[in-house]
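Trainee: Right, I'll just put the structure down here and ask away after.
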Amino acid sequence: MSMPVIKASNTTQEQAITDLIESIALEQTGLSHIINAEGEKIQAALVIEGVTTKDLLDVNKSVECTVNAISKLELVLQSKLEIFKNEINSKPSITPDPGSTTNTTN
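See the structure below:
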């Protein structure tokens, strides 16, 4: 089996960072939908006729595991954002803000 060929891209660094930040936002949106579904799961369990305390505890444990996993994923996403934030802040601004009098070309 041969090695894959990776073609050069003409995407700018700024566009790549923008795309990555957008992908993080989409991931966070997906996670928020999962959290909402977990809330609906609890609400549905509460209205089941004949539901036992054990049943509710089982549902709660399931939701807890899911929320804990989502929390860990959110920490990873936050770390990714910090990397991009540091990258953006380390570069001088190419186009100064018209209302700014700060020299950005040190």
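Numbering (our numbering), first residue to last: 108 to 213.
Glycine is no exception: its CB is placed at the ideal position from the N, C-alpha and C atoms.
May I ask which residues mark the beginning and end of the alpha helix (DSSP H) holding N143?
Mentor: Q120 to L153
Trainee: Should the segment 149-159 be called in touch with the segment 174-182, which here means at least 3 C-beta pairs below 8 Å?
Mentor: no
Trainee: Take A132 and list the residues in its own chain whose beta-carbon comes closer than 8 Å to its own, dropping the five residues that flank it on each side.
Mentor: none
Trainee: Along the alpha helix (DSSP H) that carries E181, what are the first and last residues, could you check?
Mentor: T160 to S197
Trainee: Tell me which same chain residues have a C-beta within less than 8 Å of the C-beta of A152, skipping the five on either side of it?
Mentor: V158, D162, L163 and V166
Trainee: Closest to L138 by C-alpha separation, out of L182, S109, I190 and E121, would be which residue?
Mentor: L182
Trainee: Indicate whether V170 and I149 have their beta-carbon atoms separated by less than 8 Å.
Mentor: yes
Trainee: Would E129 be called buried (16 or more neighbouring beta carbons within 10 Å of its own) or exposed?
Mentor: Answer is exposed; the Cβ neighbour count stays below 16.
Trainee: If you draw a straight line from the C-alpha of T173 to the C-alpha of L184, how long is it?
Mentor: Spanning the alpha carbons of T173 and L184 requires a straight line of approximately 16 Å.
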